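Undergrad: Take the sequence shown: its letter number 132 is residue 134 in our numbering, and every next letter is one higher.
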Amino acid sequence: MSSSRSKIVVAAAVGLVTIEVVVVVVVVVVVVVVVVVVVVEVVVVVVEVVVVVVLVVVVVVVVVAVAVAVVVVVVLVVVVVVVVEVVVVVVVVVVVVVVVAVEVVVVVIVVVVEVVVVVVVVVVVVVVVVVVVVVVVVVVAVAVVVVVVVAVVIVVVVVVVVVVVVVVVVVVVVVVVVVVVVVVVVVVVVVVVVVVVVVVVVVVVVVVVDVVVVVVVVVVVVEVVVVVEVVVVIGVIVVVGLLIS
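1. List the whole-angstrom C-beta distance separating E50 from V201, where the pair is believed to meet the contact cut-off of C-beta under 8 Å.
2. Residues in its own chain within less than 8 Å of V65 by CB, not counting five upstream and five downstream?
3. Given a threshold of 16 other Cβ atoms within 10 Å of its Cβ, counted over all protein chains shown, does V150 qualify as buried or as exposed?
4. Cα separation between V205 and V169?
5. Do the region 209-216 and the region 75-84 touch if we need at least three Cβ pairs shorter than 8 Å?
6. Please report how far the alpha carbon of V63 lies from the alpha carbon of V159, in whole angstroms.
7. Between I236, I239 and V216, which has its C-alpha nearest V34's C-alpha?
8. Let me make sure I understand the geometry here. Which of V207, L18 and V77 has the alpha-carbon closest to that of V179?
9. Apart from the five residues on each side of it in sequence, which residues of its chain come closer than 7 Å, Cβ to Cβ, to V61?
10. Among V120, V146, A145 and V165, which has the Cα closest to the Cα of V134?
11. To which residues of the same chain is V252 closer than 7 Å at the C-beta, ignoring the five residues directly before and after it?
12. Could you round the C-beta distance between I21 and V234 to whole angstroms and report it? I think they count as a contact, below 8 Å.
13. Roughly how many angstroms separate the alpha carbons of V32 and L18, rounded to a whole number?
14. Contact between the region 108-117 and the region 137-151 is defined here as three or more beta-carbon pairs at a separation below 8 Å; is this criterion met?
15. Taking the alpha-carbon positions, what's the V102 to V73 distance?
16. Give the single residue among V41, V219 and V96 whose Cα lies nearest to the Cα of V157.
17. If I measure Cβ to Cβ from E116 and keep anything under 6 Å in the same chain, skipping five residues before and after, which residues do I get?
18. Would you say V36 and V238 are within 8 Å of each other, going by their C-beta atoms?
19. Give me the Cβ distance between E105 and V75, rounded to the nearest whole Å; I'm assuming they're in contact under 8 Å.
20. What residue from V241, V184, V228 and V232 has the CA that sits closest to V70's CA?
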C-alpha cells in the first residue's frame with residue numbers, strides 16, 4: 003500500500019514538473035514572439051519613414067527642376083525677342099539714315115543743277131528771272147528738308163513706341179510666368195506636407211494598435227501562467243500532504 007502511494011506521489015510530482023516546464027516553455031515562446039513583433043514593427047516604421055523621405059525629396063527635386071527649366075526657357079525667349087527688336091531697330095535706323103542721305107544727295111544735285119541753270123540763265127536773261135529761280139530753288143530745298151526731318155521724326159517715334167510696348171509685354175510675361183511657377187511650387191509643397199502628415203499619423207496609429215495587442219497578449223499569458231502556478235502550488239500541497247500522511 004505504501005509502495006502504491008509512493009508511485010502515485012512520484013507520478014504526481016513528475017506531472018507537476020512537466021506542467022511547470024510546459025509553462026516556462028510557453029512563457030519563453032510568448033516573449034520571443036513579442037520581441038519579434040516589436041522588431042518587425044520598428045523595421046516597418048523605419049522603412050515607411052525612409053519611403054516618405056525619399057518621395058518628398060524626389061517631388062521637391064522634380065518641382066525645382068521644372069521651375070528652373072521654365073524660367074530658363076522664358077529668359078531665353080525674352081533674350082531672343084529683345085535681340086530681334088534691337089536688330090529691327092538698328093535696321094530701321096540704318097534705312098532711315100540711308101533714306102536721309104539719299105534725300106540730301108538728291109537735294110544737293112538738284113541745287114547744283116539749279117545753280118548751273120541759273121548761271122546759264124544769268125548769262126542770257128534778266129536779273130529778275132534769276133531771283134525768281136533762286137527763290138524757287140530755296141523753297142524746294144527747304145520743303146525737301148522739312149519733309150525728310152518730319153519723316154525721320156515719325157520713324158523714330160514709331161520705333162521707340164514699338165520698343166517700349168515690346169519691353170512692357172516681355173516684363174508682363176516674365177512676371178506672370180514667375181508667379182505661376184511660385185504658385186505651382188507652393189501647391190506641390192503643401193500636398194507633399196499633407197501626405198507626409200497622413201503617413202505619419204497612419205504609422206503612429208499602427209504602432210499604437212500593435213503595442214495594445216502586444217500588451218493584451220502579455221496580460222493574457224501572465225494570467226494563464228498565474229493560474230497554472232496556482233494549480234501547481236495546489237498540486238504540490240496535495241503531494242506534500244500525501245507524503246506526510
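Heads up, the beta-carbon is just placed ideally off N, CA and C, and yes, glycines get one too. On a predicted model such as this, the values are computed, not experimentally measured, just so you know.
TA: With the given structure in hand:
1. The beta-carbon separation of E50 and V201, rounded to 7 Å, stays under the 8 Å limit for a contact.
2. So the list reads V186, V187, V190 and V191, once near-sequence residues are dropped.
3. Under this definition V150 is a buried residue.
4. It is roughly 54 Å from the alpha-carbon of V205 to the alpha-carbon of V169.
5. Between the region 209-216 and the region 75-84, the count of Cβ pairs shorter than 8 Å is below three; the stretches do not touch.
6. For the pair V63 and V159, the Cα-to-Cα distance works out to about 48 Å.
7. It is V216.
8. Residue V77 is the option with its Cα nearest to V179.
9. V190 and V194.
10. Distance check between V134 and each of V120, V146, A145 and V165 places V120 closest, using alpha-carbon atoms only.
11. There is no way to answer for residue 252, as the model of the chain reaches only from 3 to 247.
12. So it is a contact: roughly 6 Å between Cβ atoms.
13. Distance from the CA of V32 to the CA of L18, rounded to the nearest whole angstrom, comes to 21 Å.
14. Result yes; three or more Cβ-Cβ pairs closer than 8 Å.
15. In a straight line, the C-alpha of V102 is about 43 Å away from that of V73.
16. Checked all of V41, V219 and V96; the closest Cα to V157 is V96.
17. Contacts found: V139.
18. Contact flag unset, no.
19. At roughly 45 Å, the Cβ-Cβ gap does not stay under 8 Å, so E105 and V75 are not in contact.
20. Taking only the C-alpha atoms, the option nearest V70 is V184.
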